[in-house]
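Residue numbers (my numbering), protein chains in the order written: chain E, 31 to 293; chain L, 31 to 293; chain H, 77 to 362; chain S, 77 to 362.
Every residue gets a Cβ at the ideal spot worked out from N, C-alpha and C, and that includes glycine.
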Amino acid sequence: MNVQNTATTYTPTEMMTVTAARALRNEDVCFVGIGAPSAACNLARLTHAPGITLIYESGTIDTKPEVLPLSIGDGELCDTALTTVSVPEMFRYWLQGGRITVGFLGGAQIDRYANLNTTVVGSYDKPKVRLPGGGGAPEIATNCGEIFIIMQLSPRAFVDKLPFVTSLGHGSGPGSREALGVTTKGPTKVITDLCVMEPDPATKELTVVSIHPGITREQIQGQCGWPVKFAPAVAETPPPTMHELDVLRELHARTARAHGSDA
Amino acid sequence: MNVQNTATTYTPTEMMTVTAARALRNEDVCFVGIGAPSAACNLARLTHAPGITLIYESGTIDTKPEVLPLSIGDGELCDTALTTVSVPEMFRYWLQGGRITVGFLGGAQIDRYANLNTTVVGSYDKPKVRLPGGGGAPEIATNCGEIFIIMQLSPRAFVDKLPFVTSLGHGSGPGSREALGVTTKGPTKVITDLCVMEPDPATKELTVVSIHPGITREQIQGQCGWPVKFAPAVAETPPPTMHELDVLRELHARTARAHGSDA
Amino acid sequence: MAQVMSLAEAVEAHVGDGDSLAMEGFTHLIPFAAGHEVIRQGRKRLTLIRMTPDLIYDQMIGMGCAEKLVFSWGGNPGVGSLHRFRDAYENGWPNPLLIEEHSHAAMANAYEAGAANLPFAVFRGYKGVDLPKVNPNIRSVTCPYTGEVLATVPAIRPDVAVIHALKADQAGNVLLEGIVGVQKEAVLAAKRSIVTVEEVVEDFGPRSANAVILPHWTVSAIAVVPGGAYPSYAHGYYKRANGFYKAWDAIARERDTFLAWMTENVLKAGPDVFARQARRVSAAAA
Amino acid sequence: MAQVMSLAEAVEAHVGDGDSLAMEGFTHLIPFAAGHEVIRQGRKRLTLIRMTPDLIYDQMIGMGCAEKLVFSWGGNPGVGSLHRFRDAYENGWPNPLLIEEHSHAAMANAYEAGAANLPFAVFRGYKGVDLPKVNPNIRSVTCPYTGEVLATVPAIRPDVAVIHALKADQAGNVLLEGIVGVQKEAVLAAKRSIVTVEEVVEDFGPRSANAVILPHWTVSAIAVVPGGAYPSYAHGYYKRANGFYKAWDAIARERDTFLAWMTENVLKAGPDVFARQARRVSAAAA
């Protein structure tokens with residue numbers, strides 16, 4: 031058995047999830063989406079941030095699921111929550127109330143200012159692909175203290191121009207959010223399977239600040255639909271530790287066992 | 031022991047309470063105020079209207095108190111309620127929601143159009159008497175299906191002109207409520223210790239429709255600050271039955287025992 | 077005043093062609109049995125309102141019940157697309173489908189405003205996004221104190237709301253617990269309402285003083301349908317059939333597999349199958 | 077993040093002269109012990125916000141803590157007037173008192189809007205009445221869909237909210253039950269908050285999934301004050317001292333009897349007297 035502190039074998043998705051988890055603090059109150067955000071938030075809770083408060087839009091507050099939910103309202107979330115409120119209350123008192131420090135979002139498409147599209151590819155009325163729509167995202171994007179985005183880097187996802195803006199990132203650059211009267215930070219991190227991007231402090235354009243081990247700048251550019259900017263000092267993202275990977279894999283294994291048995 | 035169906039000895043307040051109780055139907059949903067309305071509503075529940083739904087503005091829905099509450103939020107109301115909701119929900123979903131069929135109001139002063147004053151006597155800024163204020167009354171008066179008012183007839187209470195309109199009755203006469211966009215009936219009965227008044231269908235002015243046993247028209251006029259109108263056919267209010275009086279007195283006795291012991 | 081009747085009677089009495097219909101349940105307590113009954117009774121031209129259309133509306137849309145969909149997130153949670161919804165919207169099969177699209181916050185506020193008998197809802201939303209460009213019902217008001225401009229949406233006031241709840245008591249009061257979503261608001265906002273329940277009990281017994289209860293005089297009809305939320309779930313009764321949600325992706329992907337499944341499991345079946353399905357989930361989970 | 081401290085420390089840390097202060101509790105759970113502590117610490121020029129000022133604000137106004145009162149019903153419930161409030165408003169004793177008067181519906185909506193981080197609340201109210209003539213904060217907006225004009229009030233956003241709750245757990249989460257009034261909204265609407273509780277428990281144990289709970293990160297300070305709602309009551313702990321409410325009428329009617337009572341029972345006392353008083357009510361009721 032490998033007892034090294036740093037793992038040497040892990041998938042790009044595991045790298046992405048672990049990196050996202052590390053961005054969370056023990057005192058954060060997170061609005062959690064299903065999928066990669068949920069895995070990252072629960073990994074943080076099960077490792078360095080045991081006091082983190084996880085909130086799902088189904089109304090469950092301070093939930094501590096044993097297994098990852100398939101939907102935003104699995105029974106597991108309610109069973110392990112401090113309390114569960116109605117959905118109107120969740121959106122009014124808790125999200126709009128300004129009580130959430132970090133909102134996690136994903137999307138089908140993102141642009142260089144971290145605006146997101148989960149609505150349509152093609153035109154709205156005659157779409158090439160009709161996507162699920164915004165759900166909670168439009169108001170998560172503006173009412174949470176800051177936003178972390180998790181998405182796999184690919185040219186179809188990281189596009190030069192969005193066909194539809196479902197949720198606001200940094201708009202068309204510096205001052206966009208402020209001009210709309212939005213006082214929250216917006217996207218501060220985009221965590222991908224190849225690298226981490228952050229908005230440049232001056233231009234707000236997404237800029238690579240750390241590259242995952244073994245990944246090259248050319249690979250990143252090859253998966254991104256705009257000319258990628260790199261920060262002056264680009265770090266190597268620290269790889270997952272064995273402990274992080276063990277906890278994450280055990281979480282996924284528990285989840286698979288639980289969800290496999292309920293057809 | 032007197033076994034007659036009709037009682038011969040009762041107080042004017044008992045007459046008033048029994049008459050108010052009789053106006054309620056088994057299927058009513060009542061917004062209940064403290065004091066005389068509470069006694070009347072619970073008397074109805076304990077006699078001819080066992081299915082009546084009583085709601086107090088503290089949030090208690092379908093409550094069945096054993097003893098009359100001293101305040102609008104006594105523990106007795108919550109202990110015997112179907113459920114208890116928050117005060118914002120009570121005013122938004124239940125009162126404004128248009129789900130209340132009958133609202134009970136009292137007041138310090140009333141005019142001939144059944145507008146009520148519970149705010150000030152004298153001027154607002156330099157009052158002769160500062161009264162408690164409106165509480166729930168302004169919105170009860172317009173959001174309940176209809177309003178019953180219980181007040182003792184007296185020249186200081188039934189006045190020609192109100193110094194302050196705390197809650198709307200029939201405004202300045204026909205069409206007043208409609209002009210304000212109010213679609214509910216407003217006051218349909220004013221039950222006093224001497225008689226019952228109802229708004230005239232044409233003029234909306236309060237008109238005596240029934241006189242309690244043994245009371246004269248002159249006595250009524252003597253206690254009312256405007257020239258009293260009498261309906262073409264004025265009935266004699268049926269006196270309380272022994273059963274009604276027994277239930278009401280037992281309710282008051284239980285209440286006195288319960289409230290006397292908790293200083 | 078809630079009347080207890082069969083599900084078929086309830087849908088017959090309260091859901092008409094062309095009605096606006098809100099079948100709510102936020103992952104938990106989705107009224108699938110009632111959706112199947114609406115399909116069996118062949119209702120047409122419905123305006124279907126629901127934050128998360130989910131499989132229930134995928135089925136109703138695919139069977140031609142819907143003329144319009146009002147929604148805020150149209151996917152199969154954690155799985156992928158709603159294929160029948162997409163086929164209707166993108167290809168007009170089995171009939172063209174109009175949509176009115178919102179965010180969750182907008183719809184939650186719109187139900188809340190409906191329950192509160194307000195004509196519209198005000199909220200901090202829709203900033204810097206494109207939905208207001210394609211949805212003329214997204215407007216604004218200006219705060220009379222601060223001058224701030226806030227988003228508005230019309231209140232949702234459906235002809236009929238349909239929900240699934242845990243239990244009713246003999247008087248017809250209805251108890252919800254767990255993830256309660258927008259169901260209470262949907263019922264209070266609607267002109268008429270149908271509630272399917274797992275069971276009717278003598279009375280609710282000891283409970284929180286603040287239990288989520290709909291009094292009998294807020295509900296039109298109650299139908300007892302054990303398992304009626306399957307493949308969604310009922311807190312304390314049976315778990316969510318996550319496996320069925322995954323299996324639905326293949327069933328619904330093609331029109332013929334979809335129609336075959338609907339014929340076998342909905343048209344030829346009745347509300348009684350739900351009890352069996354829910355029991356199977358509980359047994360599998362045990 | 078809730079910190080457990082003594083009531084004196086909590087008031088010292090979070091209530092300043094000139095603050096706007098909402099001490100809520102709708103008949104149930106009125107934070108009397110905290111009110112007494114504010115009096116003992118001699119806070120001045122407070123804007124006191126409360127739907128029903130009740131005895132707690134009658135005491136604070138009579139002791140000169142208040143510059144302004146925002147309220148919707150200012151009486152001693154079921155008994156009569158609040159004499160100290162009237163003496164301040166009508167005669168300026170011990171100092172002049174400004175008022176901002178609303179209806180219950182307006183204040184409940186204003187707290188709700190504050191908790192929801194909105195600048196104002198919209199509701200169907202104030203129709204055909206005189207209060208809007210004397211309160212310039214009562215305004216209106218026009219529905220962008222129907223053209224209907226609806227009343228508005230500014231959201232209540234107090235500097236400090238103070239409530240009394242049943243219990244806190246070790247993490248500092250706070251549980252309310254029974255008549256919950258506007259307390260949750262008041263805390264969520266406020267910049268800072270103090271919660272007095274009957275007790276701190278290891279954890280809340282089995283409870284409704286929808287229990288009314290304020291998470292620890294919404295509360296600034298928690299102080300354990302058993303009986304701290306006396307002569308109001310705490311659901312499951314002790315009953316309302318209706319007799320004291322009646323007795324207060326005579327105590328508060330004259331300035332000297334009021335001052336004598338306050339000196340003896342507040343200025344010379346501490347939060348520990350509340351446990352004894354509440355026990356006496358429970359014993360009397362048993």
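Query	Result
Residues of chain H with CB closer than 7 angstroms to the CB of C60(E), please, in chain order.	Those do not exist, as C60(E) stays about 17 angstroms from chain H at its closest Cβ, beyond 7 angstroms.
Assuming E88(H) is part of the alpha helix (DSSP H), what are its boundary residues?	L83 to H90
Is P168(E) helix, strand or coil by DSSP?	helix
Which class does R355(H) belong to by DSSP, given the choice of helix, strand or coil?	helix
Assuming contact is defined by CB atoms lying nearer than 8 angstroms, are A109(S) and T272(S) in contact in what I supplied?	yes
What are the boundary residues of the alpha helix (DSSP H) that includes R247(L)?	R247 to G252
Which residues in the same chain have their Cβ closer than 6 angstroms to the Cβ of T128(H), if we skip the five residues on either side of it in sequence?	W149
Using a Cβ cut-off of 8 angstroms (strictly closer), state whether S88(L) contacts chain S.	yes
If you draw a straight line from the alpha carbon of N8(L) to that of L275(L), how long is it in whole angstroms?	Any property of residue 8(L) remains undetermined from this structure, which presents chain L solely from 31 to 293.
Flag this pair as yes or no: are the beta carbons of F350(S) and V301(S) separated by less than 8 angstroms?	yes
Closer than 7 angstroms between beta carbons: that is the criterion. Which residues of the region 62-95 of chain E meet it against chain S?	T83, I91 and D92
Between I232(H) and A98(H), which are expected to be in contact by the criterion C-beta below 8 angstroms, what is the C-beta distance as a whole number of angstroms?	7 angstroms
For D130(H) and S157(H), I'd like the C-alpha separation in whole angstroms.	9 angstroms
Keeping to the same chain, check which residues put their C-beta closer than 7 angstroms to that of P291(S); ignore five residues upstream and five downstream.	N249
Could you spell out where the beta strand (DSSP E) holding Y86(L) opens and where it closes?	T83 to Y86
Could you tell me whether any Cβ in chain L is nearer than 8 angstroms to the Cβ of V210(S)?	yes
Could you tell me which residues DSSP pairs with M272(L) in its beta bridges?	DSSP, once it has assigned bridges, lists no residue as partnering M272(L).
Where does the unbroken beta strand (DSSP E) through I241(E) begin, and where does it stop?	L236 to I241
Since T294(H) meets chain L, which of its residues come closer than 8 angstroms, beta carbon to beta carbon?	R129
Please list the segments of the alpha helix (DSSP H) lying wholly inside the region 166-199 of chain H, counting only runs of 4 or more residues, in order along the chain.	180-191
Ignore the nearest five residues each way along the sequence and tell me which others in P347(S)'s own chain have a CB closer than 6 angstroms to its CB.	L83, A109 and V301
Pull up the distance between the alpha-carbon of C60(E) and that of I82(E), whole angstroms please.	8 angstroms
Determine, for P291(H), whether the minimum Cβ-Cβ distance to residues of chain L falls below 8 angstroms.	yes
According to DSSP, is D93(H) helix, strand or coil?	coil
Leaving out five residues before and five after E44(E) in sequence, what residues of the same chain have Cβ atoms less than 7 angstroms from its Cβ?	P270, L275 and L278
At a Cβ threshold of 8 angstroms, is R287(E) touching chain H?	no
Do we get a CB-CB distance below 8 angstroms when we pair L100(E) with the residues of chain H?	yes
Let's test the definition: count the other Cβ atoms within 10 Å of the Cβ of S68(L) and tell me whether it reaches 16, buried, or not, exposed.	buried
Is the Cβ of R160(E) closer than 8 angstroms to any Cβ of chain H?	yes
Do you know whose CA, among V210(H), V236(H) and A197(H), lies nearest T218(H)'s CA?	A197(H)
Would you please verify whether the beta carbon of C174(E) is less than 8 angstroms from any beta carbon of chain S?	no
Helix, strand or coil: how does DSSP classify E224(H) here?	coil
Using a beta-carbon distance cut-off of less than 7 angstroms, what residues from the region 248-280 of chain H approach chain S?	E253, G254 and V256
List, in order along the chain, the chain A residues whose C-beta lies closer than 7 angstroms to that of T113(E)?	The displayed structure is made up of protein chains E, L, H and S, and chain A is not among them.
In chain S, which residues lie with their C-beta within 7 angstroms of the C-beta of Y154(L)?	V210
Measuring CB atoms only, is the region 191-200 of chain E touching the region 134-150 of chain E, in the sense that at least three cross pairs come out at less than 8 angstroms?	yes
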